[in-house]
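Undergrad: Residue numbers (the working numbering): 55 to 214.
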Amino acid sequence: MKNENEEDAVATLIYTIIQHFVGDPNIFKDRAASQLANLYCPTMSDYRWYKDVFMSKITLREDGFQGFWKERFIAGLPKLFSEKVKSKLETHFGRPIPYPSLTYGQIHSIVIETGIQVCNDFKLQNKLRKESTTNRKEIGNFCQQYGVESIRAPSAQHKK
């Protein structure tokens with residue numbers, strides 16, 4: 055019983071201090087709800103900022119761990135990236151995605167995993183593109199010197 059009274063006293067003290075310095079904390083809850091509804095991540099370069107702001111606002115809400123807020127977190131990501139994250143969530147957890155049973159940590163891990171996969175795909179594409187250019191430079195006009203004519207469409211011949 056004593057421990058319960060101490061917790062109530064601490065909570066009351068904290069609430070009184072907040073009310074004295076900041077005012078009514080319910081105003082911040084309402085503002086946090088509208089900010090969460092309008093929050094989005096324009097590029098994945100801003101993901102860390104987006105995650106930090108979203109998490110700081112969601113903790114002010116009593117319903118912050120409901121499934122629709124988790125779905126809103128993913129919907130706030132760039133469109134194509136959020137679709138990749140959703141498909142990865144479906145492969146891991148099944149369809150439909152069980153948002154209420156997911157944690158924000160699990161969602162964050164999937165976002166990071168998907169982001170790393172996209173970065174690796176971009177690196178591979180760039181490497182293949184550079185190798186193609188390098189191969190053309192290495193061969194140069196070797197084919198033409200030895201009588202191998204390149205086959206070009208009639209429209210491409212006029213451009214050269």
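Even glycine gets a Cβ: it sits at the ideal position worked out from N, Cα and C.
#1: At which residues does the alpha helix (DSSP H) containing S220 begin and terminate?
#2: With three or more C-beta pairs closer than 8 angstroms as the rule, is the region 122 to 129 touching the region 149 to 157?
#3: Taking Cβ to Cβ, would you say M109 is nearer than 8 angstroms to Y158?
#4: Where in the region 79 to 109 do unbroken runs of the alpha helix (DSSP H), each at least 4 residues long, occur, reported from the N-terminal end onward?
#5: Less than 7 angstroms separating the Cβ of I161 from some heavy atom of the ligand MG?
#6: Tell me where the alpha helix (DSSP H) around T145 begins and ends.
#7: Hey, how far is the Cα of V139 from the Cα of Q179?
#8: Spatial neighbours of G121 within its chain, please: C-beta separation below 7 angstroms, excluding the five flanking residues on both sides.
#9: Mind checking T70: buried by the 16 CB within 10 Å criterion, or exposed?
#10: On the CB-based measure, 16 or more other CB atoms within 10 Å of its CB, does K181 come out buried or exposed?
#11: The alpha helix (DSSP H) spanning I151 covers which residue range?
#12: If you reduce the DSSP assignment to three classes, tell me which class F127 lands in.
#13: Please determine, among T66, C95, L67 and G118, the residue with the shortest C-alpha to C-alpha distance to A86.
TA: The relevant details are as follows:
#1: Lying before the first or after the last residue shown, residue 220 is absent from the chain, which here runs from 55 to 214.
#2: yes
#3: yes
#4: 79 to 92
#5: Among the components modelled here there is no ligand, and therefore nothing to report on the ligand MG.
#6: K133 to F147
#7: 21 angstroms
#8: Y153 and P154
#9: exposed
#10: exposed
#11: Run containing I151: none; DSSP gives neither H nor E here.
#12: helix
#13: G118
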